[in-house]
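In the UniProt record's numbering, the protein residues as written are 1 to 86.
Note that CB positions come from ideal geometry on N, CA and C, so glycine has one too.
From a predicted model like this one, the values you see are computed outputs, not experimental measurements.
Next comes the structure, spelled out in structure tokens:
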């Protein structure tokens with residue numbers, strides 16, 4: 001919330017940091033749904049024997065999630081289909 005690095009990135013992007021009320025996860029549904037998917041499809045899908053192994057598995061899963069995994073909210077398309085080519 002008070003990170004100078006986050007503030008600098010937001011300023012560079014021209015983005016606004018919006019906060020939800022504490023203990024009100026329904027105000028942040030997209031993130032809550034992503035966290036649930038992350039748990040069921042990545043974190044609990046296999047047993048990791050070390051933190052290094054777990055960390056190494058995250059980037060490939062995120063790549064799959066964003067480029068290959070079909071999302072119902074996007075009509076069966078992957079999130080990268082929503083990106084502009086410019």
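| What's the gap between the Cα of residue 62 and the Cα of residue 83? | For residue 62 and residue 83, the distance between alpha carbons rounds to 16 Å.
| field | Beta-carbon proximity check, residue 32 vs residue 22, cutoff 8 Å | value | Going by C-beta atoms, residue 32 is not nearer than 8 Å to residue 22.
| Endpoints, alpha helix (DSSP H) assigned at residue 64 | Segment 51-67, the alpha helix (DSSP H) holding residue 64.
| task | Mind reading off the beta-carbon distance from residue 76 to residue 69? Whole number of angstroms is fine, and I expect it under 8 Å. | result | Between residue 76 and residue 69 the beta-carbon gap is near 10 Å, outside 8 Å, which marks them as no contact.
| Pairwise C-alpha distance: residue 30 and residue 73 | Roughly 11 Å between the two C-alpha positions.
| query | Per DSSP, residue 71 forms a beta bridge with which residues? | reply | In the DSSP assignment, the residues bridged to residue 71 are 77.
| said: Below 8 Å on the Cβ atoms is my contact criterion, and I expect residue 78 with residue 67 to pass it. Report the Cβ-Cβ distance as a whole number of Å. | reply: Their Cβ separation, rounded to whole angstroms, is 5 Å, which keeps residue 78 and residue 67 in contact under 8 Å.
| If you drop the 5 nearest sequence neighbours on each side, which residues of the same chain put their C-beta closer than 6 Å to that of residue 48? | Excluding positions up to five away in sequence, the list reads 54.
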